[in-house]
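Chains A and B are the protein sequences, given in the same order. Position 53 (the first sequence) corresponds to 52 in numbering that gives the first Met the number 0; numbering is contiguous. Position 269 (the second sequence) corresponds to 268 in numbering that gives the first Met the number 0; numbering is contiguous. This report refers to the structure that appears directly beneath it.
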Amino acid sequence: MEFLNLLMAAEMGQGLAGIGAGIAAIGAGIGVGKIGGSALEGMARQPEAAGDMRSNMIVAAALVEGVALFAVIVCLLVALG
Amino acid sequence: MSSVAIAQHEGHASEPVAHDQVSVEQPVHADTNMHAHADTLAHAAHDTTHAEEGFKIGEMIMHHISDAHQIHLGGSLYIPLPIIILHEGHLDIFSSSNFYTVNEHGELDYRDYKGYRNHHEMIEFVGENATHDAHGHKVMDFSITKSVFGMMLVIVFMIVLFRSVANKYKRNVGKAPSGFQNMIEPFILFVRDDIALPSLGKKKAAVYTPFLLTVFFFIWMCNILGLVPFLGGFNITGTLSITLVLAAIVFIITSVSGNKHYWGHIFWPPGVPGFVKVILVPIEFMSIFIKPCVLMIRLTANITAGHIIILAFVGLALMFGQQSPIAGYGVGVGSVLFMAFMYCLELLVAFLQAYVFTLLAALYFGDATQDHHHEHEHDHDHEMQHVH
Numbered sequence: 000m001e002f003l004n005l006l007m008a009a010e011m012g013q014g015l016a017g018i019g020a021g022i023a024a025i026g027a028g029i030g031v032g033k034i035g036g037s038a039l040e041g042m043a044r045q046p047e048a049a050g051d052m053r054s055n056m057i058v059a060a061a062l063v064e065g066v067a068l069f070a071v072i073v074c075l076l077v078a079l080g
Numbered sequence: 000m001s002s003v004a005i006a007q008h009e010g011h012a013s014e015p016v017a018h019d020q021v022s023v024e025q026p027v028h029a030d031t032n033m034h035a036h037a038d039t040l041a042h043a044a045h046d047t048t049h050a051e052e053g054f055k056i057g058e059m060i061m062h063h064i065s066d067a068h069q070i071h072l073g074g075s076l077y078i079p080l081p082i083i084i085l086h087e088g089h090l091d092i093f094s095s096s097n098f099y100t101v102n103e104h105g106e107l108d109y110r111d112y113k114g115y116r117n118h119h120e121m122i123e124f125v126g127e128n129a130t131h132d133a134h135g136h137k138v139m140d141f142s143i144t145k146s147v148f149g150m151m152l153v154i155v156f157m158i159v160l161f162r163s164v165a166n167k168y169k170r171n172v173g174k175a176p177s178g179f180q181n182m183i184e185p186f187i188l189f190v191r192d193d194i195a196l197p198s199l200g201k202k203k204a205a206v207y208t209p210f211l212l213t214v215f216f217f218i219w220m221c222n223i224l225g226l227v228p229f230l231g232g233f234n235i236t237g238t239l240s241i242t243l244v245l246a247a248i249v250f251i252i253t254s255v256s257g258n259k260h261y262w263g264h265i266f267w268p269p270g271v272p273g274f275v276k277v278i279l280v281p282i283e284f285m286s287i288f289i290k291p292c293v294l295m296i297r298l299t300a301n302i303t304a305g306h307i308i309i310l311a312f313v314g315l316a317l318m319f320g321q322q323s324p325i326a327g328y329g330v331g332v333g334s335v336l337f338m339a340f341m342y343c344l345e346l347l348v349a350f351l352q353a354y355v356f357t358l359l360a361a362l363y364f365g366d367a368t369q370d371h372h373h374e375h376e377h378d379h380d381h382e383m384q385h386v387h
């Protein structure tokens with residue numbers, strides 16, 4: 000009985016890690032999507048400032064992706080360790 | 000070799016599994032490049048007829064992400080690296096090829112050597128004639144591993160490149176840039192003008208710009224080295240220990256160059272009411288340590304995630320190839336295209352992560368050496384005087 004619980008516990012951990020990674024992907028998608036959307040809107044309003052907006056958009060996207068990747072690393076550690 | 004040792008070891012005659020036999024069940028080594036893709040596909044198909052365990056994608060990915068004591072160039076070609084161990088006062092230096100033999104599948108059969116064991120690429124001391132699951136003691140491992148070797152390559156490359164460019168500048172004073180100067184100058188100006196100067200101001204930028212340039216090019220070159228195919232799969236900036244050191248250096252420089260405005264703003268933030276200070280000061284104090292930690296994890300996570308995605312696409316084709324060769328080739332076409340796209344994205348990420356690390360380091364340095372800003376009340380007083 001304990002062995003079965005152990006098996007179930009291991010599978011639960013790995014399955015939940017998969018769900019966690021999926022949620023992290025949702026977070027990254029929403030975050031970077033909002034950044035890209037507002038950057039495009041700004042570029043449409045003022046095309047002369049497009050270069051500035053582009054670089055700031057990329058920096059902000061990198062920072063937001065960093066947060067999403069924390070979650071991915073945690074899920075990886077759960078799944079593989 | 001250890002099976003002979005086990006036969007000699009009395010009282011353990013019933014020990015079923017020798018150290019060698021476990022490694023036979025190691026999965027097929029797969030390379031993360033398109034050239035070896037075809038023959039590893041054939042390899043995987045060949046292996047399924049062997050009644051061995053098949054291709055384990057998790058182990059393949061972990062093998063390519065982790066550090067190792069030898070460089071696996073593909074197939075059966077391994078370059079052993081020196082192992083330098085300090086154990087109980089004496090120094091042992093030997094080649095890592097003492098720890099393994101390459102079998103016919105191109106995998107490694109591990110064995111013990113001089114009482115040391117290479118357990119999943121971590122060296123531990125188990126003593127002579129140890130059994131398979133003997134408890135290993137920690138040793139001080141100063142070996143040249145794959146990541147250390149990669150860093151040495153990057154350092155040599157950077158020194159050669161930048162010394163030659165600097166000498167060119169000395170010789171061509173006032174003349175137009177030529178050769179490698181043309182390539183390097185935009186990046187150096189980019190770091191100086193777009194990263195260092197806006198955050199630090201002209202006076203203080205000169206102090207920190209050398210460090211910012213070094214860390215920018217070091218991280219960028221290490222990231223690119225990890226992406227070069229056919230080279231043994233370096234993952235330098237994807238290891239937490241290396242980015243930990245980079246972030247620790249940023250932390251040390253920030254703390255050492257913090258002036259009284261910096262520390263004042265952390266422990267006695269101006270312009271906030273008292274009860275908010277009670278909440279804000281612990282947060283500000285923790286952020287001194289959290290900001291370098293975040294720098295470390297951001298770089299590691301981005302680079303490692305990129306490597307894992309590329310490896311996963313390749314592994315996907317091999318996993319399907321286990322079912323049937325047709326499925327393998329079919330999935331292989333799509334997965335190779337996706338992998339090529341992710342490769343281009345990873346090239347962008349390599350530059351971007353170096354830029355973000357350097358930018359944030361410059362921001363922290365600028366924060367630490369901030370000038371005194373006028374308070375709000377002073378501005379009102381100045382305006383009143385201008386009215387008169």
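We put the CB at the ideal spot given by N, CA and C, even for glycine.
Item                                                                                                                                                                    : Value
Any beta carbon of chain A sitting closer than 8 Å to that of residue 122 of chain B?                                                                                   : no
Determine the direct distance from the alpha carbon of residue 321 of chain B to that of residue 53 of chain B, and round the result to whole angstroms.                : 7 Å
Specify, as a first and last residue, the run of the alpha helix (DSSP H) that residue 228 of chain B falls within.                                                     : Premise fails: residue 228 of chain B is in no alpha helix (DSSP H) and is neither H nor E.
Compute the Euclidean distance between the alpha carbons of residue 43 of chain B and residue 317 of chain B, then round it to the nearest angstrom.                    : Low per-residue confidence applies at residue 43 of chain B: pLDDT is 42, beneath 50, and the placement is therefore not dependable, though the value from the model is reported in the following sentence. Between residue 43 of chain B and residue 317 of chain B, the C-alpha separation is close to 7 Å.
Any C-beta of chain A within less than 7 Å: which residues of the region 164-177 of chain B qualify?                                                                    : none
Going along chain A in order, which residues have a C-beta closer than 7 Å to the C-beta of residue 351 of chain B?                                                     : 57 and 61
Among B:355, B:262 and B:331, which residue has its Cα nearest to the Cα of residue 368 of chain B?                                                                     : B:262
Quick one, which of B:333, B:111 and B:265 has its alpha-carbon nearest residue 120 of chain B's?                                                                       : B:111
Starting from residue 301 of chain B, find everything on chain A with Cβ-Cβ shorter than 9 Å and list it in chain order.                                                : 61, 64, 65 and 68
In this structure, does DSSP put residue 79 of chain B in helix, strand or coil?                                                                                        : strand
Does DSSP put residue 62 of chain B in a helix, a strand or coil?                                                                                                       : helix
Helix, strand or coil for residue 171 of chain B per DSSP?                                                                                                              : coil
Three or more beta-carbon pairs under 8 Å between the region 124-141 of chain B and the region 221-241 of chain B, yes or no?                                           : no
Applying a beta-carbon distance threshold of less than 9 Å, which residues of chain A neighbour residue 316 of chain B?                                                 : Those do not exist, as residue 316 of chain B stays about 21 Å from chain A at its closest Cβ, beyond 9 Å.
Pull up the distance between the alpha-carbon of residue 210 of chain B and that of residue 294 of chain B, whole angstroms please.                                     : 16 Å
For residue 124 of chain B, which of helix, strand or coil comes out of DSSP?                                                                                           : strand
Give a yes or no on whether the minimum CB-CB distance between residue 191 of chain B and chain A is below 8 Å.                                                         : no
DSSP beta-bridge partners for residue 303 of chain B?                                                                                                                   : Residue 303 of chain B is not bridged to any residue.
Return no unless some Cβ of chain A is closer than 8 Å to the Cβ of residue 187 of chain B.                                                                             : no
Span of the beta strand (DSSP E) holding residue 363 of chain B?                                                                                                        : No beta strand (DSSP E) holds residue 363 of chain B; the alpha helix (DSSP H) holding it covers 324-367.
In the DSSP assignment, find the beta strand (DSSP E) that holds residue 93 of chain B and state where it starts and stops.                                             : 89-94
Per the DSSP calculation, residue 116 of chain B is bridged to which residue(s)?                                                                                        : B:123
In its own chain, which residues sit with a C-beta less than 8 Å from the C-beta of residue 96 of chain B, not counting the 5 before and 5 after it?                    : 69, 77 and 79
Should the region 223-237 of chain B be regarded as contacting the region 141-156 of chain B, the criterion being three or more beta carbon pairs within less than 8 Å? : yes
Rounding to the nearest angstrom, what Cα-Cα distance links residue 86 of chain B and residue 131 of chain B in this structure?                                         : 21 Å
Measure from the alpha carbon of residue 59 of chain B to the alpha carbon of each residue in B:312, B:355 and B:361, then state which is nearest.                      : B:312
Name the one or two DSSP bridge partners that residue 100 of chain B has.                                                                                               : B:108
List the residues of chain A that residue 296 of chain B touches, going by C-beta distances under 9 Å, in chain order.                                                  : 65, 68, 69 and 72
Note the first and the last residue of the continuous beta strand (DSSP E) segment covering residue 71 of chain B.                                                      : 69-73
Helix, strand or coil for residue 137 of chain B, going by three-state DSSP, please let me know.                                                                        : strand
Using a cut-off of 8 Å between C-beta atoms, extract the partners of residue 79 of chain A located in chain B.                                                          : 57 and 61
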